[in-house]
Structures are given as structure tokens and as C-alpha cells.
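Trainee: Heads up, the sequence shown is in this note's numbering, so the first residue is 11 and it goes up one at a time. Idealized CB from N, CA, C, for every residue including glycine.
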Amino acid sequence: MLPTLKPTTDLAGRIASLYPSLSAGHRKAADFVMQNPLDTATMTIERLAAKSGASTATLTRFVRALGFSSYSEFRASLSEALKLAMEPVRDLADIQDTPTSPYATLIGALRDQAANLDAAIAALDDTTVSRAVEFLLGAKRIFIVGTGASHYVASFLEEGLALYLDADVIFAASRGGQARTIRQMLSGGPGDLLIAISMPRYSRSTLEICSFAAQRSVPILALTDGLVSPLAQVADLTLFAPAGSRLLPNSPSAIFAVADALITVVARERPDSAEALRGLSESLIWEFHR
């Protein structure tokens, strides 16, 4: 499998943040670079033009739009990004070459996740959490988007919030993709809320939905892994949950925990949450196995 750009690199972050505003020609170049970074790093600008279908003039403007003074500077940044992208592969190969037991590997992975959770806790503050809860309790409709591993976090968050909120909670990305999500949000406005969830590798469609929501003045609450995430640049409020793993491209455990904690806070803050839970419990009483 060819390597792809690790989204936490500076270059990938630049491309992701600028992508919604790029021209069609620049998007063609961006798509080729993101899908074929290893090939691109070894190509002259003329060769890249032939392979990507973009002209050399378009490519020159593209790299300048990304903030590089020349194509050579762009290629140097790409080479550095590839080094970072291959780190999980090298780490996995190194660990496989080191004698250890499945138990030790499992414990190491759990410690990685504990470190992610500690970092998520350290990044929180009272003002940010209070504002997040105000957004959730005050919204008329809550749209939730997330793809890839974030899809499962979004589904979990939808189910939990729907139990305790009067708002219409919609897992928008699960019902027909980006086009359907945008149609659902056509009537969106300041009284609604978009919860956008994205971890490496960051979702371009999630970012584009955020851009559309911003145009409609829909507040955006982001759940993502760090300041380098393009979501952090467009959201009104961001809760950070690091997704680092020594072996895998990312880990969703900390962001799951933050989502679970948000549901817990909403349940605590809503005055009639006990009544809502009682109604659910009564409806399910004959389905419990004893």
C-alpha cells in the first residue's frame, strides 16, 4: 500500500484547511498529491503536470497558495511529511523485531490510551466546557457529522444526546453522505448546532460541511485531536482528545471518552433528565434478561 500524507503534518494541514476554497484546477493537484505523495515527492513539476492533469502554471500557483515560495520548497515539505507518515510503519516493524509478549503489547497500547486521556483532561477548562454545554442545551437541532473511525463516535454521541435533549439530534453523515447533510442544513441557522468529529486522517467532507454551516451561521462544536486539525481552525468551540498510538494511525478511545463525558454532563444539567431516563427504562423493562 502506498503511503498517504499523515494528516498531522503541516503540509496536509495546509491542504485540508485551504481545500474548500481552492479552484477546480488546484483541487485536481491537491487530490493527486494527497493520493500519490510518494510519487509526487520524486517528480519534477513537468512530470507532475503530466500525471495530475494540471498545467505547470496551475501547479506553480497551487504551491504558492499553500504558502511555498517554489516547487522545490513544496517538495522538501512533502518529503518531510512522508517521513512522518511512515513513522507508524517503522515503529511497528521495530516492535515486531523486538522480542515481547502479547501481554506486554496490550499493556503498552492501554498506556498509550491512558496518556491520550490524560492529555484530553489537561486540555479542558471550565469556560470551554460550560460553553459547550450551553450550545448543547440551547440548540433547537443538533447535526452530528463524522466519517471513518469518527463515524462510530458520532453514532454513539447521537444516541446519548437524543435521550437527554429536547433538540432534534441528527447523525447527518450517516444518512446519504455529504449532499444529504447539506440539504438537511439548508434551513440551519444560529439556533442550531453542528458537532463535527474528525481524527487523523481528517475528513475533507466533514471540513466542507463545516464551511457550509459557517455560511449559514450555524455554531460549530468540534471534537478533534489537536490544534493542527483543520477543524480547530473553523469551529466556534473545540474539545481536544489526542488520538496518538505508537502502532496505529490513530486511536479513538480518548475522543469516545470525551463524547461520553459530554453526554454525562448533559444528563446532569438537564433538570428533567431523570424523568427522561425513567420513561426509557419503563419501556424496556420486559426486555431485560435476569
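How would you label I205, buried or exposed, when you count the other beta carbons within 10 angstroms and need 16 or more for buried?
Mentor: Position 195 of the sequence shown, counting from 1, holds the residue named residue 205. By the neighbour-count rule (16 or more Cβ atoms within 10 Å), I205 is buried.
Trainee: Distance, Cα to Cα, D135 vs A86?
Mentor: Looking up residue 135 in the sequence shown gives position 125. Looking up residue 86 in the sequence shown gives position 76. Spanning the two alpha carbons is a distance of roughly 38 angstroms.
Trainee: For L127, collect the residues of the same chain with a Cβ closer than 6 angstroms to its Cβ; drop the 5 residues on either side in sequence, then sort them by chain order.
Mentor: Within the sequence shown, residue 127 is the residue found at index 117, counting from 1. For L127, where only same-chain residues beyond five positions count, the Cβ hits under 6 angstroms are A264 and A267.
Trainee: Note down, in chain order, each residue of its chain lying with its Cβ closer than 8 angstroms to the Cβ of P200, except the 5 sequence neighbours on either side.
Mentor: In the sequence shown, the residue the question calls residue 200 occupies position 190. Excluding sequence neighbours, P200 sits near S227, V228 and P229.
Trainee: Who are S208's beta bridge partners in DSSP?
Mentor: As a position in the sequence shown, residue 208 is number 198, starting the count at 1. DSSP lists T234 as partners of S208.
Trainee: Identify whether A151 lies in helix, strand or coil by the three-state DSSP scheme.
Mentor: Position 141 of the sequence shown, counted from the first residue, corresponds to residue 151. Just to set this straight, residue 151 is Arg in the shown sequence, not Ala. Of the three classes helix, strand and coil, the one that applies to R151 here is strand, per DSSP.
Trainee: Rounding to the nearest angstrom, what Cα-Cα distance links Y113 and L258 in this structure?
Mentor: Counting from one through the sequence shown, the residue named residue 113 turns up at place 103. Counting from one through the sequence shown, the residue named residue 258 turns up at place 248. Spanning the two alpha carbons is a distance of roughly 17 angstroms.
Trainee: Using the Cα positions of R141 and D246, report the straight-line distance between them to the nearest angstrom.
Mentor: Locating residue 141 in the sequence shown gives position 131, counting from the first residue. Locating residue 246 in the sequence shown gives position 236, counting from the first residue. Between R141 and D246, the C-alpha separation is close to 10 angstroms.
Trainee: Give the straight-line distance between the Cα atoms of G156 and Q243, rounded to the nearest whole angstrom.
Mentor: In the sequence shown, counting from the first residue as 1, residue 156 sits at position 146. In the sequence shown, counting from the first residue as 1, residue 243 sits at position 233. Taking the straight line joining both Cα atoms gives about 17 angstroms.
Trainee: Does DSSP classify L249 as helix, strand or coil?
Mentor: Mapped onto the sequence shown, residue 249 falls at position 239. Strand at L249.
Trainee: Who does D178 pair with in a DSSP beta bridge?
Mentor: By one-based count along the sequence shown, residue 178 stands at place 168. Answer is R151.
Trainee: Could you spell out where the alpha helix (DSSP H) holding G118 opens and where it closes?
Mentor: Residue 118 sits at position 108 when you count from the first residue of the sequence shown. Looking at the DSSP string, the run of the alpha helix (DSSP H) that includes G118 is P112 to A133.
Trainee: On the three-state DSSP scale, how would you describe L88?
Mentor: Within the sequence shown, residue 88 is the residue found at index 78, counting from 1. DSSP places L88 in helix when its eight states are reduced to three.
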